[in-house]
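Chains as they are written, first to last, in my numbering: chain A, 14 to 242; chain B, 879 to 1198.
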């Protein structure tokens, strides 16, 4: 109990005093996961739209498969991406392993199913009558689709936040693909994992506080934004 | 309708700006807050090595990395892994040099053609540490006899005598198995002999923390133990024995065998730099201010006299 308390006090000091290492690791974590969610969004939101607005054989099965991958284990993603981007793997030529880029790739793959699946749910969750009303009011098909997309924007933004949360809090892929290199690929989760094992409890707690703080700030900020519109 | 579109666009732009501000902070934030990463981000080439965890957990690489980066104007990326994993990264060409400490595995690595230009750059000794009460009464014994008594005590009463093993393909783990063998055991029997024998599957530092939590004995290199000493409820118990010698070697990855390894000249620079007088002197003094004595002995002038010590040319002749 004493350890926890002392650790907390020290952790708060580290956060408040903007300890260089704490700041550096936090900024890197934000940057990596923000890049991952932006890339994933650019890929998955259009794909989700395509799947939702088209009827084809096996659509139900495809959606089920996507939903199954919601809980894709991070270490499995890490392992597969490792085998691909290792210099002796098929994509070895791009020298990605043990760089922040490798972590981004891992996180993109990790959150793609969630983002695609939730985009589909968001779009299909929009009341069918809205589309019918729009069409009835003389809108073209593409105008009707645009109306639906606008109606679904809150749910899609929610999916992005969820994806960001999963990306910034995962440790398996970041550890295997980034290698936890100090000053280069060490992010919040890998740092917490390492420092806890090394017995650096205060530093771990400080980083943990920041990780929770980031998640809270971002979801509150987006909520405020969304409520204003 | 147009109003809604505008609002949506505004929202999208705001979120994007928020994220780009966060992303845009990175180089500036690092540059002002962290000198080492400021330096790293300005290097156009990166050189990757894999290292045994003990060299990293002691902080030696944090200490030497900036020196290397400044001298060669190249970022040095240090991936810490057990010796086994480090050699594997080397075989795959994911790193261009390794710093490891498992003589048998290194010899295999080199004879298989993966590694070349091996040089020794530091040494120290292993020790057995454990709870101050020394429940297996092994103080003053030889390493082999100590292991025999730990085994006897652990199998008799696992609540009293425990042993934490790295269990992770590391050089320390290889040494541990060697000692079990030298003590007359068949290692797989030891591994399966009961709850007293705990395989951690972690690096040296984390394994020490675990042994401390469990009140267990553990084989450790003396450097990591010194670096962690204040965090541990463990004391040195068996400290001498020829088998305890621990030599750290640097090996370049051979591009002729591992075609994906592309930085042999830099790997040679790295190895020659490690055995240079400057770095040998840095190693000789590392830790003195903090722990009262150096954590590692340099090969040059370090006085390695044991039968297992490398030959003089193995740490004086530059590679090319």
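We put the beta carbon where it would ideally sit given N, CA and C, even for glycine. If you're wondering where the values come from, they're calculated on a predicted model, not measured in any experiment.
What residue from 1168/B, 1197/B and 1164/B has the CA that sits closest to residue 1000/B's CA? 1164/B
On the three-pair Cβ rule with 8 angstroms, is the region 15-25 of chain A touching the region 200-215 of chain A? yes
Whose C-alpha, out of 230/A, 164/A, 206/A and 117/A, is nearest the C-alpha of residue 191/A? 117/A
Please compile the residues from chain A whose C-beta is within a distance smaller than 9 angstroms of the C-beta of residue 966/B. None at all; the shortest Cβ gap to chain A is about 10 angstroms.
Does residue 194/A have its Cβ less than 8 angstroms from a Cβ in chain B? yes
Where residue 966/B falls: helix, strand or coil (DSSP): helix
What did DSSP end up calling residue 997/B once you bin it into helix, strand or coil? strand
Using only CA atoms, which one of 97/A, 113/A and 125/A lies nearest to residue 43/A? 113/A
Suppose contacts are defined by Cβ-Cβ distances below 8 angstroms. Is residue 1083/B in contact with residue 931/B by that definition? yes
How would you list, in chain order, the residues of chain B whose beta-carbon sits under 9 angstroms from the beta-carbon of residue 144/A? Within 9 angstroms Cβ-Cβ: nothing; residue 144/A doesn't reach chain B, min ~15 angstroms.
Which residues, in chain order, does the region 105-124 of chain A contribute to contact with chain B at a C-beta distance below 9 angstroms? 105, 106, 108, 110, 111 and 112
Could you tell me if residue 992/B is buried or exposed, where buried requires 16 or more neighbouring beta carbons within 10 angstroms of its beta carbon? buried
Can you pull the chain B neighbours of residue 210/A, defined as C-beta to C-beta under 9 angstroms? 1080, 1081, 1083, 1084, 1085, 1087 and 1088
Residue burial classification, residue 72/A (beta-carbon count within 10 angstroms, cutoff 16): exposed
Just the Cα atoms here: how many angstroms apart are residue 1059/B and residue 998/B? 25 angstroms
On the premise that residue 1123/B lies in contact with residue 1089/B, defined as a C-beta separation below 8 angstroms, what is that separation, rounded to the nearest angstrom? That belief does not hold up - the Cβ atoms of residue 1089/B and residue 1123/B are roughly 22 angstroms apart, past 8 angstroms.
Residue 1097/B - DSSP class collapsed to helix/strand/coil: strand
CB contact below 8 angstroms: residue 970/B versus chain A: yes
If you drop the 5 nearest sequence neighbours on each side, which residues of the same chain put their C-beta closer than 8 angstroms to that of residue 103/A? 97
Taking 7 angstroms as the cut-off, does the CB of residue 1171/B come closer than this to any heavy atom belonging to the ligand GTP? The model on display carries no ligand, and the ligand GTP is accordingly not part of it.
Per DSSP, which one or two residues make a beta bridge with residue 1199/B? Residue coverage of chain B in this structure runs from 879 to 1198, which leaves residue 1199/B outside it and unanswerable.
CA nearest to the CA of residue 121/A, picked from 76/A, 156/A, 107/A and 83/A: 83/A
Comparing alpha-carbon positions, which option in 55/A, 124/A and 175/A lies nearest residue 227/A? 175/A
Checking contacts by CB at 8 angstroms: is residue 101/A closer than that to chain B? yes
What does a CB cutoff of less than 7 angstroms around residue 1133/B pick up in its chain, not counting 5 residues either side in sequence? 1139, 1140 and 1142
Which listed residue (47/A, 208/A and 140/A) has its alpha carbon closest to that of residue 160/A: 140/A
Between residue 1138/B and chain A, is there a C-beta pair that is closer than 8 angstroms? yes
Is the separation between the beta-carbon of residue 1074/B and that of residue 1032/B shorter than 8 angstroms? yes
DSSP three-state assignment for residue 1196/B, whether helix, strand or coil: coil
Look at the alpha carbon of residue 1177/B and the alpha carbon of residue 964/B, and state the distance between them as a whole number of angstroms. 22 angstroms
Taking the Cβ atom as the reference point for each residue, do residue 927/B and residue 973/B lie within a distance shorter than 8 angstroms? yes
Going by CA-CA distance only, name the one from 1053/B, 1054/B, 1126/B and 1167/B that's closest to residue 1187/B. 1126/B
Alpha-carbon to alpha-carbon, residue 185/A and residue 925/B: 24 angstroms
Enclosing alpha helix (DSSP H) for residue 1126/B [first to last residue]: Careful: residue 1126/B lies outside any alpha helix (DSSP H), inside the beta strand (DSSP E) at 1123-1131.
Would you kindly check if the distance between the Cβ of residue 143/A and the Cβ of residue 164/A is under 8 angstroms? yes
Does the beta carbon of residue 976/B come closer than 8 angstroms to any beta carbon on chain A? no
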